[in-house]
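Taking full-length UniProt numbering, I'd label the letters of the sequence shown as residues 1 to 243.
Backbone N, C-alpha and C define an ideal beta-carbon position, used for all residues, glycine too.
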Amino acid sequence: MATSIAIEAQSKTAEIHCGPAPCKEKFLELLENFSVPRCLFQMADIEAAELEEFGFNRSTGFFWEKKTERKVDKITGVKAKEIFTSLVVGEILGKMATANMIAIHSKVAEIHRGPICREKLNGMLDEFSIPRCLYLGIEQIQEFGFNRTTGFYWIKQEKKTERKVDKVGTTYFDTQLTAFIAPRRVSKITGVKGKEIFLSLAVAEILVGVPESDKVKFVSTTGIYRVHSIATFEPTVVGIKTK
């Protein structure tokens, strides 16, 4: 379900190709253009699979494949190859896709550097009713940019940081973070991951006041979500580390 929704959202401005031969050609072309080694993918499976559709949203770095094959891992019983396979290039290319997004939105954005970045970040959070305590794990901000027209913003910090919150888990902040902000909502987040026990998931969306006014809902890229009390994230109950 989450994969289908992601594809539907990204397909509106994506290049879409159909048929085994065109799909394979475009997929290999994508890897070459972004200098991604083919060895990162199981090329034998790609050769054997009947690719029905291949799509690539160049502005966000998101791509997907639709295959006719379905395989099941005999050891765990978990599906290893879904009919819909979607991958966010940012997971492989890291900061490349993020840099592209920043370049696109920076043309008409407010950009600040140095100590004033924290003040500007807090001002934006207050304006859109997003609790500041959710961003306390971000330290030593070097650059903050905000495109008020699109709601896109980015943060560059000196080092990766970790923030441990009691009864919640650990949140990891990359050196570059991006997202779109709206009243009581932050969406399409990159550069943030949450970890519970052994499970680490990329955070895609934050909803403030859901399902209750004193709650905040975190949604991962896979659709898994957690709801916590906003008060839990206040600085008296957290620890911050830098890498």
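As assigned by DSSP and simplified to three states, the class of residue i
i: Gly223; result: coil
i: Gly194; result: strand
i: Phe84; result: Residue confidence is low: Phe84 scores 37 on pLDDT, short of 50, so the model does not pin down where it sits. No coordinate-derived value is stated.
i: Glu91; result: Note that Glu91 scores 49 on pLDDT, short of 50, meaning its location in the model is unreliable; the coordinates nonetheless yield the value given after this. Helix.
i: Val203; result: strand
i: Ser11; result: helix
i: Val108; result: helix
i: Cys18; result: strand
i: Phe54; result: strand
i: His228; result: strand
i: Glu65; result: strand
i: Phe218; result: strand
Of the residues the options, the one placed nearest residue i, counting alpha carbons only
i: Glu119; options: Gly19, Phe146, Val168 and Glu162; result: Phe146
i: Ile116; options: Lys107, Gln140 and Ala103; result: Gln140
i: Ser11; options: Glu32, Leu28 and Phe62; result: Phe62
i: Gly209; options: Thr190, Arg184, Ser200 and Gly223; result: Arg184
i: Glu65; options: Glu52, Ser59, Asn57 and Arg58; result: Glu52
i: Val203; options: Ser213, Glu25, Ser106 and Gly223; result: Gly223
i: Tyr153; options: Pro20, Gly55 and Asn122; result: Asn122
i: Glu127; options: His112, Arg226 and Ala182; result: Ala182
i: Asp166; options: Ser213, Thr175, Ser229 and Lys159; result: Ser229
i: Met101; options: Thr170, Lys24 and Ile189; result: Ile189
i: Val168; options: Phe54, Ser106, Val227 and Pro20; result: Val227
Cβ-Cβ distance between residue i and residue j below 9 Å
i: Thr161; j: Gly137; result: yes
i: Thr98; j: Thr13; result: no
i: Ile155; j: Val186; result: no
i: Phe144; j: Arg163; result: no
i: Glu8; j: Phe56; result: no
i: Ser59; j: Ile104; result: yes
i: Gly191; j: Phe173; result: yes
i: Leu31; j: Pro37; result: yes
i: Thr175; j: Lys159; result: yes
In the segment 110-192, which residue ranges form an unbroken alpha helix (DSSP H) of at least 4 residues, counting only runs that do not cross its ends?
Whole alpha helix (DSSP H) segments, 4+ residues: 116-127.
Any 3 or more C-beta pairs closer than 8 Å across the segment 209-218 and the segment 148-159:
Below 8 Å, too few C-beta pairs join the segment 209-218 and the segment 148-159 to call them touching: fewer than three.
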